[in-house]
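Accompanying notes for the structure given below.
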Amino acid sequence: MIRGDGTDVTPTGRKAQGLLALLGVAPEYRRPRTWIQDKLWSTQTSELGANSLRQELARLRRILGDSKECLVSEHGGLGLDPRKVRVRLDPAPGDWEMTGEPPEFVDGLDIVDPEFEEWVRDQRTAFRDRYEQLAPAVTEIRPAERPTEAPGAQPPSIAILPIDVLGDKEAGAVLATCLALDIISHLTRFRRLDVIAYATTSNFVVHGMTASEMGRRLGARYITQGTLLVTGGRMRLKFDLVEAESHRVLWSDTINAGCDEMLDVEAEMATACAAGVMVEIDQIERARVRARNPESLAAYELCIRGLDEILRVDPNGCLTAISYFNQAVSRERGYARALSGISRAHGFQWKYRWAEDLGAALDQAENFALLAVESDINDASANAGLGWVALYRREHDRSLEAYRRAMQLNPSDADILAEYADALKHNGSAPDSIPLFERAIRLNPYASDHYLKDLADAHFFCEDYETAIKTVHRMRRPHLSNRILAASYALVGDDAAARRTAEAIRRAFPDFSATEWLRSVPDRHPADTERFLEGLRRAGL
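Note that numbering that gives the first Met the number 0 gives residue 7 to position 8 of the sequence shown, counting from 1, and the numbers run on in steps of one.
See the structure below:
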């Protein structure tokens, strides 16, 4: 979508792109609201679907800015103003100069909704009949050339190739297809990744294209390849993440399982593969973006830089992060991920006592968390950000509700899973939090120190001090959990180890006060806080 001044205002959200496609090919560019809801949110109730449509429209209008009048909403319908918008359906010659054929209609737009998928298939058939080959739909507010983008300026995209089956092909064929579709379903929950439709990818595989050629034709930066062996009541999945251009394997995992309870096993395999792929892509994208000049970065890349700064956990890093997130919002108004990042940065300023006005910092954290959810109610990270703020406001029920919404929206996000477990722990449900922490560690080994620290905390809450000590020593940097370690040593009677650890805390924090530190720990039940305080006192703190 291109404004008259040549500015590309194509929204990055898949639902917003789907909405434009639905309107762009409609008679007089108009559709009833209920019809659009049924196509994009058919799996939601009517009330939730209407709310989701309102949120998407608000986000789209913010992105369009001064051109938002091209969207028309009246008499129960939505449309594009034909006086201000021109929709090009016929393929331009340049659309297939390189490949010999035009791109596919809404190529690479993967919206996991059966009604939308059926509508896309029908449209592709209609275009094939009209042109004897597929043609793209490009919406233009006024005729203009699409500006050249810097390499990597758009979020990364991935194509999930069909999984090859070895051994018992009859038993493995359906399972392999289900795995690929479920992996796609999980990956589409991550708003920072574009996932190419399975039907599109499968069609390219049938024509025998190489991975690099497929990546070029589909515009995919990454592809996945998998092999499923089913034999003798056992199955083994070998799954690789590959850089499409170089065909270099970036990440690989092998999962072995029995064929009993096959559906449950398949679901667990799909979740593990999707989480592993996303964790690895995040690491690669962070390294790529670090090497670039911040002035040339797109909105989603600025968010990557901002999150990098937050992970430093220092006051200057927080200020730099806020600057990056603000730049992202200025480039894409209403960008939920950036708004959520601003919220977390202000939250850290409150938590670590870096802000001059602590109350104002926590208020800012909540305000931006609410803005993020209002901007994109279906963004899992935005809902998790609201849960984090509610937790530290000691609004435990509100926090858990926000985290449960986030988990429903993206059950494969290890960070959200670990934060939900932490909220359960502080709510007095430490035994329930332990398996969730362990699952998060399996899904994202890169963040294991952060997760292990909170897992050790959960064992402490369960009065299993020996396991808390062992968990801390699994960390790459156990000194980050010296407070848990000192209290645990003291409560198991190892006074010498407790004193040594307490001395290390004093060297690092000469003014450390156990009472002051525990004021920011959001335990619902005072007995949990008192147990920690007793351990620290016995250690000499």
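Glycine is no exception: its CB is placed at the ideal position from the N, C-alpha and C atoms.
Roughly how many angstroms separate the alpha carbons of residue 384 and residue 169, rounded to a whole number?
The residue given as residue 384 occupies position 385 in the sequence shown. The residue given as residue 169 occupies position 170 in the sequence shown. For residue 384 and residue 169, the distance between alpha carbons rounds to 45 angstroms.
For residue 407, report the span of its beta strand (DSSP E) as first-last.
Here the question's residue 407 lines up with position 408 in the sequence shown. Element bounds for residue 407: not the beta strand (DSSP E) but the alpha helix (DSSP H), 395–408.
Between the stretch 440–455 and the stretch 403–420, do at least 3 Cβ pairs fall closer than 8 angstroms?
By the C-beta criterion, the stretch 440–455 is judged to be in contact with the stretch 403–420, since at least 3 inter-stretch pairs fall below 8 angstroms.
Among 347, 179, 48, which one has its Cα closest to the Cα of residue 200?
Walking along the sequence shown from the start, residue 200 turns up at place 201. That would be 179, whose Cα lies nearest to the Cα of residue 200.
Determine whether the beta carbon atoms of residue 346 and residue 278 lie at a separation below 8 angstroms.
In the sequence shown, residue 346 corresponds to position 347, counting from 1. In the sequence shown, residue 278 corresponds to position 279, counting from 1. Not in contact: residue 346 and residue 278 (Cβ atoms no closer than 8 angstroms).
Beta-carbon contacts of residue 158 that lie in its chain and below 6 angstroms, excluding the five residues immediately before and after
Here residue 158 is taken as the residue at index 159 of the sequence shown, counted from 1. Contacts found: 195, 200, 217, 219, 222.
I'd like to know if the stretch 40–60 and the stretch 8–27 are in contact, where contact means that at least 3 CB-CB pairs between them fall below 8 angstroms.
Yes: at least three Cβ pairs fall under 8 angstroms.
Beta-carbon contacts of residue 537 that lie in its chain and below 6 angstroms, excluding the five residues immediately before and after
Residue 537 sits at position 538 when you count from the first residue of the sequence shown. Correct list, in chain order: 489.
Secondary structure of residue 79, DSSP reduced to three states:
Here residue 79 is taken as the residue at index 80 of the sequence shown, counted from 1. Reduced to three states, the DSSP call for residue 79 is strand.
According to DSSP, simplified to helix, strand and coil, what is residue 28?
Residue numbering aside, residue 28 sits at position 29 when the sequence shown is read from its first letter. Of the three classes helix, strand and coil, the one that applies to residue 28 here is helix, per DSSP.
Hey, how far is the Cα of residue 228 from the Cα of residue 213?
The residue labelled residue 228 in the question sits at position 229 within the sequence shown. The residue labelled residue 213 in the question sits at position 214 within the sequence shown. Looking at the two C-alpha atoms, the distance is approximately 25 angstroms.
Counting Cβ pairs, one atom from each stretch, are 3 or more of them under 8 angstroms apart for the stretch 451–458 and the stretch 467–478?
Taking 8 angstroms as the limit for Cβ pairs, the verdict is that the stretch 467–478 does touch the stretch 451–458.
Are there 16 or more other CB atoms within 10 angstroms of the CB of residue 55, so buried, or fewer, so exposed?
Here residue 55 is taken as the residue at index 56 of the sequence shown, counted from 1. Residue 55 sits buried, since 16 or more C-beta atoms from the chains shown fall within 10 Å of its C-beta.
Tell me residue 213's beta-bridge partners as DSSP assigns them.
Working through the sequence shown from its first residue, we reach residue 213 at position 214. Paired residue(s): none; residue 213 is not in a bridge.
Residues of its chain near residue 424, where Cβ-Cβ distance is below 8 angstroms and the 5 sequence neighbours each way are ignored:
For the purposes of this step, residue 424 is identified with residue 425 of the sequence shown, where counting begins at 1. Excluding sequence neighbours, residue 424 sits near 432, 453, 456, 457, 460.
Under the three-state reduction of DSSP, which class applies to residue 157: helix, strand or coil?
The residue given as residue 157 occupies position 158 in the sequence shown. Judged by DSSP in its simplified three-state form, residue 157 adopts strand.
Per-residue DSSP class, three states only, for residue 1
Position 2 of the sequence shown, counted from the first residue, corresponds to residue 1. DSSP places residue 1 in strand when its eight states are reduced to three.
Would you check if the distance between the CB atom of residue 16 and the CB atom of residue 79 is smaller than 8 angstroms?
By 1-based counting over the sequence shown, the position of residue 16 is 17. By 1-based counting over the sequence shown, the position of residue 79 is 80. Not closer than 8 angstroms, so no.
Does residue 260 come out as helix, strand or coil in the three-state DSSP assignment?
To locate residue 260, count along the sequence shown from 1; it is residue 261. Of the three classes helix, strand and coil, the one that applies to residue 260 here is coil, per DSSP.
Residue range of the beta strand (DSSP E) that includes residue 238:
The residue labelled residue 238 in the question sits at position 239 within the sequence shown. 233–242 is the extent of the beta strand (DSSP E) around residue 238.
Going by beta-carbon coordinates alone, are residue 543 and residue 23 separated by less than 8 angstroms?
Residue 543 is absent from the model: the chain starts at 0 and stops at 540.
If contact is defined by three or more beta carbon pairs under 8 angstroms, each pair taking one atom from either stretch, is the stretch 311–321 in contact with the stretch 284–298?
They do not touch, by the three-pair rule.
The alpha helix (DSSP H) with residue 514 in it runs from where to where?
The residue you call residue 514 lines up with position 515 of the sequence shown. Run containing residue 514: 513–517, per the alpha helix (DSSP H) assignment.
Below 8 angstroms, can you find three or more Cβ-Cβ pairs linking the stretch 239–252 to the stretch 163–177?
no
Let's test the definition: count the other Cβ atoms within 10 Å of the Cβ of residue 204 and tell me whether it reaches 16, buried, or not, exposed.
Here residue 204 refers to the residue found at position 205 of the sequence shown. Counting Cβ neighbours within 10 Å, residue 204 comes out exposed, since fewer than 16 surround it.
Just the C-alpha distance for residue 391 and residue 520, rounded to the nearest angstrom, thanks.
The residue labelled residue 391 in the question sits at position 392 within the sequence shown. The residue labelled residue 520 in the question sits at position 521 within the sequence shown. Their backbone Cα atoms lie some 8 angstroms apart in a straight line.
Flag this pair as yes or no: are the beta carbons of residue 395 and residue 269 separated by less than 8 angstroms?
On the sequence shown, residue 395 is found 396 positions in, with the first residue counted as 1. On the sequence shown, residue 269 is found 270 positions in, with the first residue counted as 1. Cβ distance not < 8 angstroms, so residue 395 and residue 269 don't count as in contact.
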